[in-house]
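Asks: According to this note's numbering, the sequence shown is numbered sequentially starting from 1. The beta carbon of each residue, even a glycine, is placed where N, CA and C say it ideally should be. As the structure is a prediction and not an experimental result, all values here were calculated from the model. Below you will find the structure I want to go over with you.
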Amino acid sequence: MSAFYQIFHDTHYKYDSPVSLAQQLAHLWPRSSPWQRCTEQALEIFPEPTTRRDELDVFGNPLTRLAFERPHDELQVNARLRIEVMEKPFLDFNLSPEWEVTRSALTYSAKPMTADILEACRYRFESPYVHLKRSFVEFSQVCFPPGRPLLLCVQALMEKIFDEFTFDDEA
Numbered sequence: 001m002s003a004f005y006q007i008f009h010d011t012h013y014k015y016d017s018p019v020s021l022a023q024q025l026a027h028l029w030p031r032s033s034p035w036q037r038c039t040e041q042a043l044e045i046f047p048e049p050t051t052r053r054d055e056l057d058v059f060g061n062p063l064t065r066l067a068f069e070r071p072h073d074e075l076q077v078n079a080r081l082r083i084e085v086m087e088k089p090f091l092d093f094n095l096s097p098e099w100e101v102t103r104s105a106l107t108y109s110a111k112p113m114t115a116d117i118l119e120a121c122r123y124r125f126e127s128p129y130v131h132l133k134r135s136f137v138e139f140s141q142v143c144f145p146p147g148r149p150l151l152l153c154v155q156a157l158m159e160k161i162f163d164e165f166t167f168d169d170e171a
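Here it is, written out as structure tokens:
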């Protein structure tokens with residue numbers, strides 16, 4: 001059984017003074033998946049961009065690159081989309097592999113890796129924006145006892161983050 005959603009996104013931005021050159025990255029469409037697809041989409045932009053390029057980002061999410069090379073003092077972006085969401089099959093977290101099995105599969109070896117393992121490896125390393133710290137291990141290790149199914153570990157970690165983190169709107 002499917003559900004359909006109509007989504008409207010409107011952004012209207014007025015600059016303090018005219019801008020002669022601007023570039024924007026817009027993530028306005030969801031990624032298609034076995035349980036979700038965009039059946040209709042429309043994007044209205046004022047002023048008309050000098051260039052527009054639709055592509056996928058490094059994670060496979062739709063991305064629209066916009067460049068404005070004429071003076072303008074406001075930007076209006078209106079997105080309209082219709083999404084079909086299908087029922088997802090039940091996922092039993094207890095049936096996921098033990099977290100140590102997954103860790104071993106993601107550890108370098110000379111053996112060929114499946115496409116799924118190669119994809120997961122992209123998320124293992126530090127990035128310019130997220131540095132690996134011992135404190136992350138210390139915070140999360142209580143959620144990863146030996147032999148526990150990976151998805152139960154992940155669920156426990158998400159609950160711990162929800163329970164222990166607070167939002168600082170002034171940060």
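#1: Among the residues of its own chain, which have a CB less than 8 Å from the CB of E40, if the five just before and after it don't count?
#2: Can you grab the Cα-Cα spacing for the pair Y108 / C38, in whole Å?
#3: Is the beta carbon of W29 less than 9 Å from the beta carbon of M86?
#4: Alpha carbon to alpha carbon, how far is R148 from E126? Give it in angstroms, no decimals.
#5: Since S33 sits in a beta bridge, which residues does DSSP pair it with?
#6: Leaving out five residues before and five after Q6 in sequence, what residues of the same chain have Cβ atoms less than 7 Å from its Cβ?
#7: In chain order, what residues of the same chain lie with their CB nearer than 7 Å to the CB of A42, ignoring the 5 residues before and after it?
#8: So the alpha helix (DSSP H) V137 belongs to, where does it begin and stop?
#9: Considering only C-alpha positions, which residue in the set D73, Q141, P128 and F165 is nearest to E100?
#10: Measure the alpha-carbon distance for Y13 versus Q76 and round it to whole angstroms.
#11: So, are the CB atoms of L66 and L21 less than 9 Å apart?
#12: Just how far apart, CA to CA, sit S135 and K160?
Replies: Let's see:
#1: Counting from 1 along the sequence shown, the entry for residue 40 is found at position 40. Once the five neighbours on either side are set aside, the close Cβ partners of E40 are R80, L81 and R82.
#2: Taking the sequence shown and counting its residues from 1, the one referred to as residue 108 is at position 108. Taking the sequence shown and counting its residues from 1, the one referred to as residue 38 is at position 38. Rounded to whole angstroms, Y108 to C38 spans 37 Å at the Cα level.
#3: On the sequence shown, position 29 is the one that residue 29 refers to. On the sequence shown, position 86 is the one that residue 86 refers to. No, the pair does not count as a contact, with Cβ atoms beyond the cut-off.
#4: Indexing the sequence shown from 1 puts residue 126 at position 126. Indexing the sequence shown from 1 puts residue 148 at position 148. C-alpha of E126 to C-alpha of R148: approximately 25 Å in a straight line.
#5: Here residue 33 refers to the residue found at position 33 when the sequence shown is read from its first residue. Answer by DSSP bridge pairing, in chain order: Q36.
#6: Counted from its first residue, the sequence shown places residue 6 at position 6. These residues qualify, in order along the chain: R82.
#7: In the sequence shown, counting from the first residue as 1, residue 42 sits at position 42. Counting only Cβ-Cβ distances below 7 Å, and skipping sequence neighbours, we find R80.
#8: For this step, residue 137 is matched to residue 137 along the sequence shown. First-last of the alpha helix (DSSP H) with V137: R134 to S140.
#9: As a working note, residue 100 is residue 100 in the sequence shown. If we check each option's Cα against that of E100, Q141 comes out closest.
#10: Locating residue 13 in the sequence shown gives position 13, where the first residue counts as 1. Locating residue 76 in the sequence shown gives position 76, where the first residue counts as 1. Using only the alpha carbons, I get a separation of about 6 Å.
#11: If you number the sequence shown from 1, residue 66 lands on position 66. If you number the sequence shown from 1, residue 21 lands on position 21. No.
#12: For the purposes of this step, residue 135 is identified with residue 135 of the sequence shown, where counting begins at 1. For the purposes of this step, residue 160 is identified with residue 160 of the sequence shown, where counting begins at 1. Going from the Cα of S135 to the Cα of K160 covers about 14 Å.
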